[in-house]
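Data first, discussion second: the structure below is written as structure tokens.
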Amino acid sequence: MRLTTTLSSFLLSLLAIGIVAEKCACNGGTDHSKTACDRIGAVYGVYGCGFTGCCVNPGTQHNKFVQACKDLGYGFKRCDDCGTC
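Okay, structure coming up:
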């Protein structure tokens, strides 16, 4: 019972904090975004946010993805907040 209460409290606190990931994409389609995602060691996904892209945390990981798109010559397209990534 104690574990269930602790786990429930933890999950509720995560929801209250509003942890949000971002799904990002480079210009040029799926292959470009996946290549940039692999380069920064993030997870490329098809679920959530209405488009396929790289799941990153806001801040440093977001910035690394944007830079990877540019470094690879693709150009950066977009990042959207995503509750499920």
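Those letters in the sequence shown? Residues -21 to -1, 1 to 64, per mature numbering (1 follows the signal peptide of the UniProt record, and there is no 0), in order.
The beta-carbon is built from N, C-alpha and C at its ideal position, and this holds for glycine as well.
Endpoints, beta strand (DSSP E) assigned at C5: Here the beta strand (DSSP E) through C5 covers A(-1) to C5.
State yes or no: is the C-beta of A15 within less than 8 Å of the C-beta of C5? C5 sits close to A15, with the two beta carbons spaced by under 8 Å.
For the beta strand (DSSP E) holding F55, just list the boundary residues, first then last. F55 to C61
Nearest residue (CA-CA) to G62, options Y26, K13 and R18: Y26
Report the option in D17, K43 and G7 whose CA atom is closest to the CA atom of G52. G7
Where V35 sits in the DSSP three-state scheme: It is a strand residue.
Do A47 and C34 have their C-beta atoms closer together than 8 Å? no
Is the separation between the beta-carbon of E1 and that of D50 shorter than 8 Å? no
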